[in-house]
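In terms of this note's numbering, the sequence shown is residues 14 to 189.
All C-beta atoms, glycine included, are put in the ideal place defined by N, C-alpha and C.
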Amino acid sequence: MNIFDILYSRKSVRSYTGKSPSEEQLQEILKAAWASPVARARFSDMHLTVIKDQRILHAIEENMSRVVGEEVHPLYGAPVLILVSVRPAQKEVANNEYSSAAMIVHNMALAATAMGLGSCDIWGSIQAANGQADIVDMYKIPKDFVACCGIVIGETDETFPMRDIPKEKISTDYIG
14 MNIFDILYSR
24 KSVRSYTGKS
34 PSEEQLQEIL
44 KAAWASPVAR
54 ARFSDMHLTV
64 IKDQRILHAI
74 EENMSRVVGE
84 EVHPLYGAPV
94 LILVSVRPAQ
104 KEVANNEYSS
114 AAMIVHNMAL
124 AATAMGLGSC
134 DIWGSIQAAN
144 GQADIVDMYK
154 IPKDFVACCG
164 IVIGETDETF
174 PMRDIPKEKI
184 STDYIG
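Now the structure itself:
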């Protein structure tokens, strides 16, 4: 698969078999994360946490169900969540720090797609869990770091056909 095949077949997967990626696949996905661009090369201010503990995954989903007032499963039954955390340069997480986290997640999504694994970016559930000290404590992230987002990964029965990408799906201006 070349890079364009991966780009045009990548999609958010919301159904998983429950089977985890192999250790080799997981290491390749993490290598893709480590290859990501990070604003101002602040790699030491980024942190990844690989979560396979079902107790933690359940706590995240249970918390989100409380937040929205009904039972939801925002991790879609995926067996692995990779959390991306940042040590903010200022009091709050800045746009460039969120952007770096997003680039890391996207690199992992592309790597997962290349291996035929399902993946889905996770934002809202992570933000909601940040307000719950008991959940944040379970992450065991370094002091002064804040969980920004994550990605769920696992085996899926879904396939990854090439998508037709409509020209200018995103409004585009040409100047000059």
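How is valine 80 classed by DSSP in three states: helix, strand or coil?
Here the question's residue 80 lines up with position 67 in the sequence shown. Residue state, collapsed to three classes: helix.
Report buried or exposed for asparagine 120, applying the criterion of at least 16 other Cβ atoms within 10 angstroms of its Cβ.
For this step, residue 120 is matched to residue 107 along the sequence shown. So asparagine 120 counts as buried.
Hey, alanine 160 and isoleucine 166: beta-carbon distance below 9 Å or not?
The residue given as residue 160 occupies position 147 in the sequence shown. The residue given as residue 166 occupies position 153 in the sequence shown. For alanine 160 and isoleucine 166, no; Cβs fall outside 9 Å.
In the DSSP assignment, find the unbroken alpha helix (DSSP H) run with isoleucine 139 in it and report its ends.
Walking along the sequence shown from the start, residue 139 turns up at place 126. Taken as a continuous stretch (DSSP letters only), the alpha helix (DSSP H) holding isoleucine 139 covers 137-142.
By DSSP, does histidine 86 sit in helix, in strand, or in coil?
As a first step, residue 86 is located in the sequence shown; it is residue number 73 there, counting from the start. Three-state result, histidine 86: coil.
For the alpha helix (DSSP H) that valine 118 lies in, which residues bound it at each end?
The residue labelled residue 118 in the question sits at position 105 within the sequence shown. Per DSSP, valine 118 belongs to the alpha helix (DSSP H) from 108-127.
Give me the Cα-Cα distance between alanine 54 and glutamate 110, rounded to the nearest whole angstrom.
As a first step, residue 54 is located in the sequence shown; it is residue number 41 there, counting from the start. As a first step, residue 110 is located in the sequence shown; it is residue number 97 there, counting from the start. Their backbone Cα atoms lie some 11 Å apart in a straight line.
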